[in-house]
Amino acid sequence: MEQVDEKWRDSFAKLADVVATNIPDGFEQTMTYDMISYVVPLSSYPKGYHVTANTPLPFISLAAQKRHIAVYHMGIYADNALLSWFQEEYAKRVPTKLNMGKSCIRFTSTKNIPYDLIGELVSKMTPAQWVNRYERELNI
Numbered sequence: 001m002e003q004v005d006e007k008w009r010d011s012f013a014k015l016a017d018v019v020a021t022n023i024p025d026g027f028e029q030t031m032t033y034d035m036i037s038y039v040v041p042l043s044s045y046p047k048g049y050h051v052t053a054n055t056p057l058p059f060i061s062l063a064a065q066k067r068h069i070a071v072y073h074m075g076i077y078a079d080n081a082l083l084s085w086f087q088e089e090y091a092k093r094v095p096t097k098l099n100m101g102k103s104c105i106r107f108t109s110t111k112n113i114p115y116d117l118i119g120e121l122v123s124k125m126t127p128a129q130w131v132n133r134y135e136r137e138l139n140i
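Residue numbering for the sequence shown follows the UniProt record's numbering, starting at 1 and increasing by one per position.
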């Protein structure tokens, strides 16, 4: 947290707490690329991430960038139904337009971070469901 810019620190800490509170059992918190990350550990999924050998399967990462706070959620990248649910709920609950890439949700202001919605999003996929979706997408 010391590395997080002061303008983001309180919101980032709250977001990190929401994720930690709502993430299903079985994910493991790590630091990856200077981000708080949640992964499926190699002890649960020995195949790991196909891109880098002996690396746990990534799921969610949180970053405080220079211009925004980011939530990287691999589940919404791989699961169209989950993505649609999130986009619809975001539109209902947040007065600002969704700022999102393929798996990256960006918050350029701390005023409209939907902590409750992020908590719900985080809780919607277990490690087993994520591994199944991941393997289906890669045809493993």
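Quick reminder that beta carbons are idealized off the backbone N, C-alpha and C, glycines included.
Since the structure is predicted, the reported quantities are computational estimates derived from the model, not experimental observations.
Cutting at 6 Å between CB atoms, please list the residues of its own chain near residue i, excluding the five before and the five after it.
{"i": "residue 60", "result": "38, 73"}
Rounded to whole angstroms, how far is the Cβ of residue i from the Cβ of residue j, which I believe are closer than 8 Å?
{"i": "residue 117", "j": "residue 89", "result": "6 Å"}
{"i": "residue 14", "j": "residue 115", "result": "6 Å"}
Look at residue i and residue j and say whether their C-beta atoms are less than 7 Å apart.
{"i": "residue 126", "j": "residue 24", "result": "yes"}
{"i": "residue 78", "j": "residue 133", "result": "yes"}
{"i": "residue 80", "j": "residue 96", "result": "no"}
{"i": "residue 106", "j": "residue 99", "result": "yes"}
{"i": "residue 70", "j": "residue 104", "result": "yes"}
By the DSSP assignment, the beta strand (DSSP E) with residue i in it spans what residues?
{"i": "residue 38", "result": "35-40"}
Looking only at its chain, what residues have a beta carbon closer than 7 Å to the beta carbon of residue i, apart from the 5 residues adjacent to it on each side?
{"i": "residue 41", "result": "28, 56"}
{"i": "residue 76", "result": "82, 83, 86, 103"}
So what does DSSP say about residue i, is it helix, strand or coil?
{"i": "residue 76", "result": "helix"}
{"i": "residue 105", "result": "strand"}
{"i": "residue 69", "result": "strand"}
Tell me which residues share the same chain as residue i and place their Cβ nearer than 8 Å to its Cβ, disregarding the 5 neighbours each side in the sequence.
{"i": "residue 123", "result": "22, 23, 24"}
{"i": "residue 11", "result": "69, 107, 110, 113"}
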